[in-house]
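Step one of this worksheet: look at the structure below.
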Amino acid sequence: MMGFHFSRQRPIDHYIVDFYSTELQLAIEIDGNIHNRQDVQKNDKKRQRRLESLGVHFLRFKNSELECQMERVLCSIKSWIEGLP
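According to this note's numbering, the sequence shown is numbered sequentially starting from 5.
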């Protein structure tokens, strides 16, 4: 994606994310149907807050939303790249 390397299923601070770019400090999560359970959602939010506290940009999408949200992902990445020193 735009010349940046994304690794899949990468551990960050003992948490696993679906896609991660070290250059951009960007994690992308794609949630499946299992994420409808309240206890799973609570743990996911805790993980997201922890990773964001480490400076990781975090985008989360449901499977059903991913295709229509790809433009948002690319625009977000573009704005972060433009803001890099």
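Virtual Cβ for every residue (Gly too), placed ideally from N, Cα, C. Note that the structure is a prediction, hence the values are computed from the model and not measured.
Three-way DSSP call (helix, strand, coil) for residue i in this model
i	result
M74	helix
Q42	helix
E33	strand
D17	coil
L55	helix
M5	Note that M5 scores 47 on pLDDT, short of 50, meaning its location in the model is unreliable and no value can be drawn from it.
R12	strand
Nearest-angstrom beta carbon gap, residue j and residue i [assumed within contact, 8 Å]
i	j	result
Q45	R64	Rounded, the Cβ-Cβ distance is 11 Å, inconsistent with contact.
F23	I32	4 Å
Q29	H61	6 Å
Range covered by the beta strand (DSSP E) that runs through residue i
i	result
L63	61 to 66
Opposing strand residues paired with residue i [DSSP bridges]
i	result
S25	L30
S83	Answer is none; S83 lacks a bridge partner.
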